[in-house]
Structure formats: structure tokens, C-alpha cells
Amino acid sequence: MFTEVNEQALQVLFRHPELRDEAQRIVRKSNKELSHFIAQLKSSTWDGPEAEKQLQTLCKASEKSSMKLMERLQAVRTSSAKNQPSEFRES
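Remember, the working numbering sits 982 above the position in the sequence shown when you count from 1.
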């Protein structure tokens, strides 16, 4: 999902140059959070009776985090579309 966030942010960057700073912030945040989750994955042996539950919890947290970023990106797109003259809006 973090890959999708980055791809969508790049599309915003190319289609809406005025949103460059916000798109870059979202990509940096996405990469930082992905690195955090990868570090958590690598730091555990993932064995024992609780391993599956811990992994599921980590996956859910990762998904929730990436969804928040996707929502933020969508809000940026929506706000940009509202501020554009109608002849420049994406269809």
C-alpha cells in the first residue's frame, strides 16, 4: 500500500505542480513509515505461539498508516480541484 501512496503522490506532483511540497512531504512520510515497519519485521524472530497474532497486528498497523496517508493525499487532490477554474479541472 505504501507503494500506491508514493505512486499517487507522484501523479499529484506531475498534474498539480503547485502541490509539490505537500506531495513530497507525503512521500517522505510514507517512506519513513515503511522503513519503520520493515525494521519491526526484521527485529523479531516471528516464532512462538504469539508470532502470528503479532504479525497480524503489525500488518493491520501498516495498513492503517498507509490508508491515512492515502486519505491525506485524496484531501490534497480534492482541495486542489476545488480551487481550480472549471476549465482546468480533471474529469
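Idealized CB from N, CA, C, for every residue including glycine.
Measuring alpha carbon to alpha carbon, tell me which residue in the options is nearest residue i.
i	options	result
residue 1011	1031, 1052 and 1060	1052
residue 1006	988, 1020 and 1019	988
Closer than 7 Å by C-beta to residue i: which residues in its own chain qualify, once you throw out the five before and the five after it? Chain order, please.
i	result
residue 1022	1040
Looking only at its own chain, which residues have a Cβ that is under 6 Å from the Cβ of residue i, when we skip the five neighbours before and after it?
i	result
residue 1069	Note that residue 1069 has pLDDT 45, beneath the 50 cutoff, so the model's placement of it is unreliable and no number is given.
Output yes or no for whether 8 Å exceeds the beta carbon distance between residue i and residue j.
i	j	result
residue 1037	residue 990	no
residue 1058	residue 1001	yes
Sufficient close CB pairs (3 or more, under 8 Å) joining the stretch 1043-1050 to the stretch 1000-1019: The stretch 1043-1050 makes contact with the stretch 1000-1019; the number of CB pairs closer than 8 Å reaches 3 or more.
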